[in-house]
Each structure stands twice: as C-alpha cells, then as structure tokens.
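According to this note's numbering, the sequence shown is numbered sequentially starting from 195. Report on the structure given below.
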Amino acid sequence: MGAPKTGNVRNVVLVGQGGVGKTSLAEAMLHLSGKTARLGGHDGTKPTLDYDAEEVKREFSISTSIAPIDWKGSRINVLDAPCYPDFIGDAYAAMSVCESALFVVDAAAGPQPTTVKLWYAAEDLRLARAVFVNRIDKENANFETCLGLLRERFGTRLGAVTLPWGQGEDFGGVIDLVRMKARHCNGTEQTECEIPEEYRAQAEAAHETLCELVAEADDDLMEKYLEGETLTQEEIEGLLSRAIAKRLFVPVFVGSCIKEQGVNSLMDDIATYFPAPTDYGEMPLIDGDSLKISSEDDRPVVFVFKTLNDPSQGRISFIKVLTGTIEPGMELVNARTRKGERMAHLYVMCGREMTEVGHAYAGDIVVVPKLAAETGDTLSVSGKIEAAAFKFPNSQYRIAIEAENRGDEEKLFTFIDRACEADPTMRIERDEETGQTIISAVGEAQVSVLLNRLEERTKVEARTVPIRIPYRETIRRVASAQGRHKKQTGGAGQFGDCYLRVEPLLDGTDYEFVDEVVGGHIPRALIPAVDKGVQETMKDGVIAGYPLTGIRVACYDGSYHPVDSNEMAFRTAARIALKKACEDADPVVLEPMENITVTIPESYAGAVMGDVSGSRGRVTGMDTNNRGETVVTATVPYAELVDYATRLRSLTRGTGDFTMEPAGYEQVPYDVQKHLVEFYEESRAQGR
Numbered sequence: 195m196g197a198p199k200t201g202n203v204r205n206v207v208l209v210g211q212g213g214v215g216k217t218s219l220a221e222a223m224l225h226l227s228g229k230t231a232r233l234g235g236h237d238g239t240k241p242t243l244d245y246d247a248e249e250v251k252r253e254f255s256i257s258t259s260i261a262p263i264d265w266k267g268s269r270i271n272v273l274d275a276p277c278y279p280d281f282i283g284d285a286y287a288a289m290s291v292c293e294s295a296l297f298v299v300d301a302a303a304g305p306q307p308t309t310v311k312l313w314y315a316a317e318d319l320r321l322a323r324a325v326f327v328n329r330i331d332k333e334n335a336n337f338e339t340c341l342g343l344l345r346e347r348f349g350t351r352l353g354a355v356t357l358p359w360g361q362g363e364d365f366g367g368v369i370d371l372v373r374m375k376a377r378h379c380n381g382t383e384q385t386e387c388e389i390p391e392e393y394r395a396q397a398e399a400a401h402e403t404l405c406e407l408v409a410e411a412d413d414d415l416m417e418k419y420l421e422g423e424t425l426t427q428e429e430i431e432g433l434l435s436r437a438i439a440k441r442l443f444v445p446v447f448v449g450s451c452i453k454e455q456g457v458n459s460l461m462d463d464i465a466t467y468f469p470a471p472t473d474y475g476e477m478p479l480i481d482g483d484s485l486k487i488s489s490e491d492d493r494p495v496v497f498v499f500k501t502l503n504d505p506s507q508g509r510i511s512f513i514k515v516l517t518g519t520i521e522p523g524m525e526l527v528n529a530r531t532r533k534g535e536r537m538a539h540l541y542v543m544c545g546r547e548m549t550e551v552g553h554a555y556a557g558d559i560v561v562v563p564k565l566a567a568e569t570g571d572t573l574s575v576s577g578k579i580e581a582a583a584f585k586f587p588n589s590q591y592r593i594a595i596e597a598e599n600r601g602d603e604e605k606l607f608t609f610i611d612r613a614c615e616a617d618p619t620m621r622i623e624r625d626e627e628t629g630q631t632i633i634s635a636v637g638e639a640q641v642s643v644l645l646n647r648l649e650e651r652t653k654v655e656a657r658t659v660p661i662r663i664p665y666r667e668t669i670r671r672v673a674s675a676q677g678r679h680k681k682q683t684g685g686a687g688q689f690g691d692c693y694l695r696v697e698p699l700l701d702g703t704d705y706e707f708v709d710e711v712v713g714g715h716i717p718r719a720l721i722p723a724v725d726k727g728v729q730e731t732m733k734d735g736v737i738a739g740y741p742l743t744g745i746r747v748a749c750y751d752g753s754y755h756p757v758d759s760n761e762m763a764f765r766t767a768a769r770i771a772l773k774k775a776c777e778d779a780d781p782v783v784l785e786p787m788e789n790i791t792v793t794i795p796e797s798y799a800g801a802v803m804g805d806v807s808g809s810r811g812r813v814t815g816m817d818t819n820n821r822g823e824t825v826v827t828a829t830v831p832y833a834e835l836v837d838y839a840t841r842l843r844s845l846t847r848g849t850g851d852f853t854m855e856p857a858g859y860e861q862v863p864y865d866v867q868k869h870l871v872e873f874y875e876e877s878r879a880q881g882r
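Written out as structure tokens, the structure reads:
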C-alpha cells in the first residue's frame with residue numbers, strides 16, 4: 195500500500211448513534227474495495243475493525259479504528275469512531291483530523307441524541323458533513339420520512355444524492371441523482387442501468403432539488419439555473435464538490451451495509467466530491483495563528499490525535515501529517531516537552547493489521563510505534579509549532595478505586611496513569627484529605643473497561659468504592675472552656691492547663707489563633723504548644739470526624755507547673771479545651787456545594803429542574819443558547835452530584851451535558867447532620 199499524494203487523500207470519520215451500523219459500513223467499504231475477502235462481522239466472519247476483546251464482548255466500538263481504502267484513484271482513510279457515550283472522546287479526536295464527517299443514521303429511527311451532539315461538534319470544527327441512511331431494507335424503513343426528520347433537525351441544506359430503488363423487502367439498489375442512473379450491487383459486482391419508469395418522476399424532482407441546493411456554490415451558475423437553463427453533468431459535479439467543501443450542502447446517501455447496496459455509490463462520491471486536506475484550509479494553533487495543510491512546505495509537522503497502549507505492540511501513536519513529508523528515522527521535536535522524538539518506523543493501520551510504509555505526505559494518517567508523545571501533542575522540526583487542543587467531552591463521572599490487595603496500589607496507579615496519558619477524557623488523582631484514588635471519566639462503562647484491562651494485563655484486581663465527601667465542621671456561636679491535663683507516674687509528671695475561647699470566623703478564613711494570656715500564667719514558650727494541640731484536634735473535628743474550619747481560638751488564661759509542664763502536656767490540654775468549647779458553640783457540619791450548568795433539549799428542562807429540586811439544589815437560572823437548547827444553572831450539594839453524569843444521561847436519553855465548579859460550603863440539613871454524627875459514633879464504637 196503506497197503513500198497517497200495529498201490531493202488524493204480523503205479523511206472521513208464515521209459517526210452517529212451507537213448501533214446504527216457505522217462499523218458495518220466500514221466493513222462493507224473494505225470488502226467492496228477488495229481490501230478484505232469477505233464482509234467482516236457478518237455470517238460468522240470476524241470483523242476487521244472491532245477486534246479488541248472488550249469490543250467483541252460488548253458488541254460495540256470503544257476505540258477508533260482506521261480503514262484505509264484505495265478507490266477510484268483516492269485513498270479514503272475511514273475512521274470508524276466509537277459513539278457509545280462513554281467513549282465518545284475518541285470520536286471528537288477523530289473528527290479533529292478529518293475533513294469530512296459521515297453520519298450514519300437508521301432509516302427507521304432517524305437522527306438520535308448522539309447524532310445531534312456530534313453534528314454540532316462537527317459544525318464547530320467546520321467539517322464537511324454527509325449522511326448515510328442505513329438499513330433501508332428493514333421493515334418500517336422510509337427514506338422520505340427519515341430525510342424529512344433530518345432536515346427538520348439540521349436544516350434545509352440537506353439533500354438526497356441517491357434515492358432507494360424500492361424500500362423494505364423490495365429494496366434492490368439505489369438511484370444516483372447526479373448521474374441519473376440506477377445501480378444494483380451483487381456482492382462486489384455493480385451493474386448500472388436506466389432509472390425504472392416508476393421511479394422516473396420522483397428521481398427528476400429530487401434531481402431538480404439537488405441542482406437548486408448546490409447551485410448556491412457558484413453565483414454565475416446560480417444565475418444560469420434561475421434563468422431556467424439546464425446545468426450540464428460537468429457543472430453539477432463541480433458545484434457538488436464546491437458546495438460540500440464550503441459546507442453549503444450536506445449530501446444524503448441511502449443503502450444497506452449488510453446487503454452492500456448503495457455503498458459503491460457512496461465511495462464513488464467520497465472519492466470524487468469530498469474535500470481533500472488542502473481544501474479544508476488551516477489547522478488552528480495554540481497561539482491563535484493557523485497552519486495551512488500543505489505538502490509543498492518541506493518542514494514536516496505532525497499531530498498526535500490518538501494513543502494506544504497495545505499489549506503486544508506497545509505504545510502506538512496515531513498521527514496526521516499536517517505539512518511536508520515524513521520518513522522512517524526522522525526526528526522531530528515535541529512542542530510540549532521540547533524533546534526530540536525519533537520515528538523509527540511508519541505504518542498504515544487497517545484494524546489491527548499494520549503495514550510498514552516508506553513515507554507519508556501531508557494530509558495522510560499513519561501510525562508510529564514507541565513515541566513518548568501523548569494525545570494532543572504536535573511534533574515539528576523546530577518544536578515551536580503547537581496545534582490547538584481539540585475539545586473533549588466533560589469527564590464528570592467520578593469514582594474512587596482501590597486495589598483488592600493493598601500491595602498492588604502502586605501498580606494500579608501506574609497502569610491507570612499511563613491509560614490517562616493515552617486518553618485525555620480520563621484523569622487519576624489522589625485525594626490527600628480522604629486518601630482515596632479518584633478516577634474521572636466520561637461514564638461508568640469507560641471505567642469498567644479500564645479495570646478489566648488492568649486485571650487482564652497486570653493481574654491486579656481492583657474495585658470501585660463510593661467517593662468520600664469532604665465535609666467540614668464549624669461553630670455558630672462563641673463559647674469558652676478549660677482544658678486541664680495532669681498525669682503523675684512517679685517521676686516527672688505532666689501538667690497543662692489552658693482556657694480557650696472559640697468564635698466563628700465569618701470572613702472565609704479557615705483558622706486564626708490569638709494569644710491573650712497575660713501575667714505569665716502560661717510561659718510564652720508553651721503557647722505554640724497550645725496552638726499545635728488546637729490544630730491537631732481540628733483535623734478530626736469534634737462531632738462527626740470532619741476537619742474543623744472557620745474558627746478563631748483565643749487562649750486567654752491557664753496555669754503551669756515549673757517541673758511537670760511541657761509541650762506535650764499543653765497540647766493535650768488544648769485538645770481537651772477545644773472539644774469542650776466547641777461542643778458548647780453549636781457545632782454544625784458543612785457540605786461542599788457546586789455550581790452546575792446543564793445544557794439540554796428544551797423538552798427535558800422540567801425533568802432536570804425537578805431532579806435539581808429533589809437533590810436539595812436551587813435552580814439559579816434558565817436560558818436558551820444559540821442552538822435552541824435550554825441551559826439550566828443551579829447550586830447543588832456535591833454529595834448529590836457524585837452519580838449525576840449517569841443520572842443526567844438517563845433523564846435526557848444521553849442528550850444532556852453539564853459542567854460544575856466549586857461554590858463553597860453550606861450547612862447541611864438537620865437530618866443529614868444527624869445521620870453523619872450517628873455514623874461517626876457507630877464507627878468509633880466499632881473501632882473503624
């Protein structure tokens with residue numbers, strides 16, 4: 195498989211709702227192009243693209259696979275992206291290096307929630323878009339209805355370029371509206387004929403609509419069309435290319451992946467009309483500038499859009515060549531680390547199979563093993579060029595994880611840390627306060643796959659546990675108490691005596707200690723011991739075991755013994771005094787609050803606001819964004835948001851997104867405090 199020239203490359207990402215046949219479409223394209231001998235994933239044939247053990251077990255894609263297809267003089271790099279919500283980050287990464295996004299839609303279901311979300315992501319990235327309406331051979335499939343739903347949801351710039359030749363059980367091929375021919379496929383063999391008479395009127399009307407839509411790409415031809423002149427075949431094809439590249443027109447194809455009908459026409463049009471990398475324009479850089487994708491620039495720049503830790507082949511970097519030509523043995527500098535990295539070998543990847551190549555031109559996508567680079571890194575000759583990071587989905591699902599065997603904690607952390615380097619939608623951190631290891635991810639399934647791989651590859655067993663909420667304690671009024679510690683053991687004893695006054699700090703300060711002792715009742719050298727004893731006690735709180743905060747402590751009196759008084763004695767006395775004083779100062783438990791911003795379709799606004807209210811939250815605002823989505827803002831206790839990523843997905847059928855940021859602490863309700871105090875006292879009684 196040789197390296198294609200830049201102008202012959204077509205980078206196309208397959209996206210859409212999970213389960214609509216994206217991988218089946220890519221497998222059909224591989225088979226029809228002669229890349230595979232049989233249709234993968236059908237009639238017992240193993241799929242070429244979903245080869246990972248977790249993908250086989252779960253029966254959906256969890257990682258982007260590449261299918262390089264040579265067709266009609268073009269190299270079509272098909273990136274089959276996972277669109278299950280938990281793994282959608284890979285789809286965002288794949289879209290960032292493609293010029294076109296092909297949305298696969300079920301003919302009976304129409305556009306579904308994930309399709310809508312990814313449509314807007316492709317729009318933000320300024321990608322050319324197209325739609326393949328799949329499963330037109332199934333019962334209840336209706337192309338006209340599906341096209342109507344697509345146009346209703348995404349606008350009237352969508353138009354059919356192929357029509358179904360029959361539907362449901364009667365489906366036998368497609369009608370090409372550009373060339374005005376009917377096409378039928380039998381395996382890899384394709385026959386072309388005149389449009390059957392019963393479809394002629396429908397095809398001519400659809401052809402006119404197509405001409406009207408694409409004519410806007412050229413003012414002169416638009417004028418010609420409006421004056422009633424007929425556009426030539428050559429003019430229509432030129433308009434179609436320009437209209438797709440300029441994002442003025444979204445072509446809609448139809449077919450059946452399993453029957454391999456309509457796929458030839460799709461590949462023909464991708465090769466002929468879809469934009470090449472040089473048509474896409476420029477790659478945005480982190481400094482606000484941009485880089486024109488060009489093979490003429492002799493200074494190579496490559497972008498790492500995906501990293502894979504393969505158990506047999508090690509670390510593999512998926513890269514797009516932005517400028518110049520790269521060859522094996524070339525060394526480029528990583529803009530993030532400022533270190534040189536040598537590309538010992540270059541490969542073209544098809545599913546799991548890797549074929550070594552001697553070079554790669556601008557616009558092409560290849561893989562390089564054993565680079566230290568991480569996802570999102572840019573490598574260049576100077577090391578001074580850095581592509582702007584693409585937007586990943588919010589990683590708001592958080593869960594604590596621990597090894598079954600305490601001795602495996604370091605192995606666990608190291609493995610997951612490497613996984614996070616490869617997948618920026620995951621993060622791992624140690625919570626110093628609770629001692630827990632916390633994973634942030636897009637969803638529960640993502641963590642499940644991670645733990646399965648951890649056990650499979652390292653033999654380390656791990657489990658998820660609930661996150662401990664970082665509650666705090668404080669006081670609401672002023673109180674005083676004496677702390678007296680006296681211990682005599684035969685020799686020198688211990689004696690410490692201090693009076694403390696506690697009062698709440700209302701300015702947000704965590705802690706303040708004041709020395710008000712006069713007359714030498716406590717020697718100056720022992721005052722720091724009182725302060726230290728207070729702070730030690732504050733770490734464990736006084737009623738529920740949580741850190742004490744927002745408190746001023748004044749030591750205003752005490753006494754000492756010239757022989758038995760020492761630092762330890764006064765630290766102990768301070769602990770006694772603080773606990774007694776705080777018990778009389780109306781101690782309360784505080785909980786962390788979060789400001790959340792939830793973006794949802796308008797139809798789910800009521801359900802989301804009801805959920806906020808039922809979660810002890812306060813809705814603080816509601817607005818509509820420029821896409822017609824409802825944006826709800828609220829303040830909610832963090833304890834009620836631990837599972838919110840899963841809850842919101844269920845509430846909105848996967849259409850909702852949210853962000854959150856800390857909003858300080860507030861006093862918990864009485865019943866919550868009662869439960870926390872009882873749990874603490876029970877734990878102490880059981881020695882936990």
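All residues carry an ideal CB built from backbone N, CA and C; glycine is no exception.
Inter-residue CB distance, residue i and residue j (contact presumed, cutoff 8 Å)
i       : j       : result
Ala-301 : Asn-328 : 6 Å
Leu-425 : Cys-451 : Actually they are not in contact, since the Cβ atoms of Leu-425 and Cys-451 sit about 32 Å apart, beyond 8 Å.
Ala-222 : Val-457 : 5 Å
Glu-454 : Leu-226 : 6 Å
Val-830 : Gly-808 : So it is not a contact: roughly 10 Å between Cβ atoms.
Ile-330 : Gly-422 : Contact doesn't hold; Cβ gap of about 34 Å is too wide.
Thr-569 : Phe-499 : 7 Å
Thr-703 : Pro-664 : Their Cβ separation, rounded to whole angstroms, is 18 Å, which puts Thr-703 and Pro-664 out of contact at 8 Å.
Ile-263 : Lys-229 : 6 Å
With 16 other Cβ atoms within 10 Å as the buried cut-off, status of residue i
i       : result
Cys-387 : exposed
Asp-817 : exposed
Gln-427 : exposed
Glu-623 : exposed
Pro-358 : buried
Asn-334 : exposed
Ile-480 : exposed
Glu-338 : exposed
Glu-535 : buried
Phe-873 : exposed
Asn-205 : buried
Leu-645 : buried
Val-641 : buried
Leu-420 : exposed
Beta-carbon contacts of residue i that lie in its chain and below 6 Å, excluding the five residues immediately before and after
i       : result
Met-620 : Cys-614 and Ala-635
Lys-375 : Glu-386
Arg-323 : Ala-295, Ala-316 and Val-444
Arg-530 : Asp-571
Leu-720 : Phe-764
Ser-489 : Thr-200, Tyr-555 and Ala-556
Lys-533 : none
Arg-746 : Glu-697, Leu-699 and Glu-706
8 Å CB neighbourhood of residue i in its chain, flanking five on each side removed
i       : result
Phe-586 : Gly-283, Tyr-286, Ala-287, Pro-618 and Thr-619
First through last residue of the beta strand (DSSP E) which encompasses residue i
i       : result
Cys-544 : 540 to 544
Gln-861 : 851 to 861
Asp-865 : Where Asp-865 is concerned, there is no enclosing beta strand (DSSP E), although the alpha helix (DSSP H) it sits in stretches over 864 to 879.
Start and end residues, alpha helix (DSSP H) containing residue i
i       : result
Ile-632 : Counting along the chain, Ile-632 falls outside any alpha helix (DSSP H), though it belongs to the beta strand (DSSP E) covering 631 to 635.
Phe-764 : 761 to 777
Met-524 : Note, Met-524: premise wrong, no alpha helix (DSSP H); beta strand (DSSP E) at 524 to 528.
Asp-300 : Premise fails: Asp-300 lies in the beta strand (DSSP E), 294 to 300, not in any alpha helix (DSSP H).
Ser-218 : 216 to 226
is_contact[residue i, chain C] using C-beta, thresh 8 Å
i       : result
Glu-423 : Absence of chain C from the displayed structure is noted, only one protein chain being present.
Own chain partners of residue i with C-beta closer than 7 Å, once the 5 adjacent residues on each side are dropped
i       : result
Leu-442 : Arg-351, Glu-410 and Ala-411
Gly-815 : Thr-827
Any alpha helix (DSSP H) of 4 or more consecutive residues that is wholly inside the region 668 to 753: Look at the region 668 to 753 and you find these whole runs of alpha helix (DSSP H), each 4 residues long or longer: 721 to 734.
In chain order, each alpha helix (DSSP H) run of at least 4 residues that lies wholly inside the region 379 to 442: Assignment of alpha helix (DSSP H) within the region 379 to 442, counting only whole runs of 4 or more residues, yields 391 to 408, 413 to 420 and 427 to 439 in chain order.
Residue ranges of each beta strand (DSSP E) within the region 305 to 359, 3 or longer: Listed in chain order, they are 322 to 328, 352 to 354 and 356 to 359.
Minimum length 3: unbroken beta strand (DSSP E) runs contained in the region 433 to 516: Those beta strand (DSSP E) runs which fall completely within the region 433 to 516 and span 3+ residues are 444 to 448, 476 to 478, 484 to 486 and 495 to 504.
Ordered list of beta strand (DSSP E) runs contained in the region 557 to 612, each at least 3 residues: 559 to 563, 572 to 574 and 591 to 597, all fully within the region 557 to 612.
Within the region 805 to 832, ranges of the beta strand (DSSP E) (whole runs, at least 3 residues): Note on the region 805 to 832: whole beta strand (DSSP E) runs with a minimum of 3 residues are 812 to 818 and 824 to 831, in chain order.
Length at least 3, wholly inside the region 227 to 270: the beta strand (DSSP E) runs in chain order: The qualifying runs are 259 to 265.
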